[in-house]
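Below is one structure, written out as structure tokens, with a few remarks after it.
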Amino acid sequence: MVAVGPYKLANSVLLAPMAGITDLPFRRLAWRLGAGMVYGEMTVARPDLWHTRKSVERRMLDCRIQPAAVQIAGAEPKWMAEAARQHVDDGAQIIDINMGCPAKKVCEKAAGSALLRDESLVRSILDAVVHAVDVPVTLKIRTGWCPNTKNAVAIARIAEVSGVSALTVHGRTRACRFRGCAEHQTVADVVSSVDIPVFANGDITDVNQAKSVIKRTGAAGVMIGRSALGAPWLPGRIAQGLAGTEPRELDFSARMV
Numbered sequence: 320m321v322a323v324g325p326y327k328l329a330n331s332v333l334l335a336p337m338a339g340i341t342d343l344p345f346r347r348l349a350w351r352l353g354a355g356m357v358y359g360e361m362t363v364a365r366p367d368l369w370h371t372r373k374s375v376e377r378r379m380l381d382c383r384i385q386p387a388a389v390q391i392a393g394a395e396p397k398w399m400a401e402a403a404r405q406h407v408d409d410g411a412q413i414i415d416i417n418m419g420c421p422a423k424k425v426c427e428k429a430a431g432s433a434l435l436r437d438e439s440l441v442r443s444i445l446d447a448v449v450h451a452v453d454v455p456v457t458l459k460i461r462t463g464w465c466p467n468t469k470n471a472v473a474i475a476r477i478a479e480v481s482g483v484s485a486l487t488v489h490g491r492t493r494a495c496r497f498r499g500c501a502e503h504q505t506v507a508d509v510v511s512s513v514d515i516p517v518f519a520n521g522d523i524t525d526v527n528q529a530k531s532v533i534k535r536t537g538a539a540g541v542m543i544g545r546s547a548l549g550a551p552w553l554p555g556r557i558a559q560g561l562a563g564t565e566p567r568e569l570d571f572s573a574r575m576v
């Protein structure tokens with residue numbers, strides 16, 4: 320059984336945090352349909368944006384979904400620490416740090432995957448957030464900024480030393496965005512370099528791909544992102560397949576969500 324800090328997950332298939340997608344209703348469905356853990360939408364750490372309508376809606380939690388996992392993004396350690404504290408005050412039980420988003424508007428703020436270019440700042444942010452809260456902190460990254468500067472292993476080691484409880488690696492660089500195929504050899508390299516749970520992400524659309532990626536990388540599990548768009552049942556069905564159980568049939572109402 321996979322654990323993140325003190326939380327033993329129901330299974331090893333996670334729903335990725337996706338802005339504009341994994342709102343509270345979507346997370347409720349994915350959770351009810353068998354996802355091992357569901358992350359809320361990315362929220363920005365900037366204090367001046369904290370109380371906007373969008374931020375407030377993205378921070379909404381359901382106490383029935385355990386553990387309550389949220390994601391924060393930013394480039395200023397003190398703001399990231401304060402955002403983490405606020406989320407915990409609101410009921411969050413796991414804080415994820417976004418260092419993987421390839422969106423231009425995020426990277427232009429030196430946040431998301433842009434942080435992979437500055438390992439010193441990565442360390443400062445992770446140290447600040449881990450020391451700010453008494454709940455597990457997780458990290459989502461890409462394999463690097465571009466194919467010539469893949470540094471996921473170095474980032475993973477920094478994360479482990481900083482006290483991060485688990486790590487997710489998307490098998491593309493920021494420069495690749497979502498083009499081409501995800502490569503999971505770097506994920507395997509990360510798995511062998513740290514002792515914290517590592518989840519593989521990228522191009523995992525069914526149970527056979529999940530099995531293949533886990534076998535090739537040694538990952539503790541997988542995180543499902545774009546494949547779950549319009550299909551909140553997918554993480555649960557993959558989890559059932561990994562467990563060797565027959566996926567249960569969905570009723571019509573679940574399929575029509």
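Just add 319 to the spot in the sequence shown (first one is 1) and you have the working numbering. For each residue, glycine too, the CB sits at the ideal point set by N, CA and C.
Residue(s) in a DSSP beta bridge with residue i
| i | result |
| --- | --- |
| H489 | R461 and N520 |
| G540 | F518 |
| L334 | V357 and I543 |
| A322 | K327 |
Under the three-state DSSP convention, the category residue i falls into
| i | result |
| --- | --- |
| Q559 | helix |
| A388 | strand |
| M399 | helix |
| I341 | It should be pointed out that residue 341 corresponds to Thr in this sequence rather than to Ile. Correct three-state label for T341: coil. |
| D453 | coil |
| V425 | helix |
| V483 | coil |
| T564 | coil |
| V513 | coil |
| N470 | coil |
Residue i classed as buried or exposed, judged by whether at least 16 other C-beta atoms fall within 10 angstroms
| i | result |
| --- | --- |
| S439 | exposed |
| L548 | exposed |
| P516 | buried |
| H450 | exposed |
| P565 | Checking the sequence shown, residue 565 turns out to be Glu, not Pro. Exposed. |
| F345 | buried |
Spatially closest choice to residue i from the options, by CA coordinates
| i | options | result |
| --- | --- | --- |
| I391 | D415, V526 and W369 | D415 |
| G499 | D508, A507 and H489 | H489 |
| M320 | A538, L548, I543 and A550 | A538 |
| W350 | H370, R383 and I340 | R383 |
| A400 | L561, R461 and D453 | D453 |
| R637 | V389, G463 and N470 | Because the chain spans 320 through 576 in this model, residue 637 falls outside it and cannot be assessed. |
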